Amino acid sequence: MKNEFLDLLAEEVVRCGTYAKERQGSVLRSFKSDGTVITEVDTTISERLTAFIKAHLPLANIVSEEAIDPFDEEAPYTFVIDPIDGTDGYSQGLPTWAVALGILDKKRNPVGAMISAPRMGIGVDNLFIRLDPGKELLINGKPFFPNPHKDVIHQVAMASSGHRLCDFTNFHGKIRVFGSAILHLLAPVIYPEIQGAMNSSVYVWDFCAAHAVLCHFDYRLLYEDGRPVTYTDRLLKERKNTGEFIFAGTINGVVDLQHKIKVVPR
34 MKNEFLDLLA
44 EEVVRCGTYA
54 KERQGSVLRS
64 FKSDGTVITE
74 VDTTISERLT
84 AFIKAHLPLA
94 NIVSEEAIDP
104 FDEEAPYTFV
114 IDPIDGTDGY
124 SQGLPTWAVA
134 LGILDKKRNP
144 VGAMISAPRM
154 GIGVDNLFIR
164 LDPGKELLIN
174 GKPFFPNPHK
184 DVIHQVAMAS
194 SGHRLCDFTN
204 FHGKIRVFGS
214 AILHLLAPVI
224 YPEIQGAMNS
234 SVYVWDFCAA
244 HAVLCHFDYR
254 LLYEDGRPVT
264 YTDRLLKERK
274 NTGEFIFAGT
284 INGVVDLQHK
294 IKVVPR
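Take any residue in the sequence shown, count from 1 to its spot, add 33: that is its number in our numbering.
Here's what the structure looks like:
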């Protein structure tokens, strides 16, 4: 994948984030058949990113939350798009949302990400995460390295349904709820005092971009029984959700997280 294309793609993702920010104050929300929120901004960004990728890499797969495209097993890359992750909060004016694009290689390994969260920066207004395949992680154009002390869980970013589905008896720390799976799963990497994250029944576009960032720093993304999250036909072709919680953190941090917060049998 050429650097020139990645530079152009990064610019387009940033433009999409800016567009979403500018439209947020006047956006109209509606509902899909499954009851989830959608806006015209979601569909516009999905169409923009899909058209851009197809124009530059016509052999690549595209898996978007808002559109269905054919999936080719021989494609060199798969781009996984969530045009607005956190649409419910976005449609209500909250800052906790992101334009997220993850990149899988031919073997379905998460190797790249571009994430624009223009109202959710680290001490600033803007957050743009760029991870080109094989390169260093950049946040707002600068190399980034996480706080190394993340093996003991004191703060967790969690899905808004966590209070209904989990047992917190053994956890005496703090819970952070953003309403965006991508931001939850990024939190153990980018925020200094959040050590773990967990989300329930998510789709591939809800975690792929963040998963690439986790993998870059040798963090883990695991299912409830400890299996690593992989990119199966169920997720990519059938477009089904995980059907269970996923847990993110360092190798030891995920173990500590699963010990302290138990998913209630359902």
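Note that beta-carbon positions come from the ideal geometry of N, C-alpha and C, so glycine has one too. Only a predicted model underlies this, so the values are computations on that prediction, with no experimental measurement involved.
| task | Look at the alpha carbon of M191 and the alpha carbon of V262, and state the distance between them as a whole number of angstroms. | result | 17 Å
| task | Keeping to the same chain, check which residues put their C-beta closer than 8 Å to that of D102; ignore five residues upstream and five downstream. | result | So the list reads T83, N94, I95 and V96, once near-sequence residues are dropped.
| Just to confirm, are V185 and V222 a CB contact at a threshold of 8 Å? | no
| Smallest Cα separation from A133: which of D115, Y123 and K140? | When only C-alpha atoms are compared, the closest one is D115.
| query | In chain order, what residues of the same chain have a beta carbon less than 7 Å from the beta carbon of Y164, not counting five sequence neighbours either side? | reply | Note that residue 164 corresponds to Leu in the displayed sequence, not to Tyr. Result list for L164: G145, A146, L170, A245, V246 and H249, in chain order.
| Can you tell me whether D200 is buried or exposed, with buried defined as 16 or more other CB within 10 angstroms of its CB? | Exposed, by the Cβ-count rule.
| query | Just curious, the alpha helix (DSSP H) that N36 is in, first and last residue? | reply | Run containing N36: N36 to R56, per the alpha helix (DSSP H) assignment.
| task | Please report the Cβ distance between A150 and L160, rounded to the nearest whole angstrom; I am assuming they are in contact, meaning their Cβ atoms lie under 8 Å. | result | 4 Å
| message | Tell me which residue opens and which closes the beta strand (DSSP E) that R299 is part of. | response | If you look at R299, you'll find it isn't in any beta strand (DSSP E); DSSP assigns it neither H nor E.
| task | Report the partner residues of M231 according to the DSSP bridge assignment. | result | DSSP output for M231 lists M191 and F280 as bridge partner(s).
| request: Name the one or two DSSP bridge partners that D258 has. | output: According to DSSP, which records beta bridges pairwise, D258 is partnered with nothing at all.
| So Y300 is in the alpha helix (DSSP H); what residue range does that whole segment cover? | With the chain represented from 34 up to 299, any question about residue 300 goes unanswered, as that position is not in the structure.
| query | With 16 as the cutoff for other CB atoms within 10 Å, does L61 come out buried or exposed? | reply | exposed
| query | Should N232 go down as buried or exposed, given a rule of 16 or more other Cβ atoms within 10 Å for buried? | reply | buried
| CB-CB under 8 Å to N203, same chain, minus the five flanking residues each way: which ones, in chain order? | H292, K293, I294 and K295
| field | Three-way DSSP call (helix, strand, coil) for R197 in this model | value | helix
| request: Could you tell me the boundaries of the alpha helix (DSSP H) in which T77 lies? | output: E73 to H89
| request: In angstroms with no decimal places, state the Cα-to-Cα distance between T72 and A88. | output: Approximately 25 Å between the Cα atoms of the pair.
| request: With a threshold of 16 other CB atoms inside 10 Å of the CB of E271, please say whether the residue is buried or exposed. | output: exposed
| Do you know offhand how far S63's Cα is from Q125's? | 12 Å
| said: Just to confirm the assignment, what range does the alpha helix (DSSP H) spanning L247 have? | reply: C241 to H249
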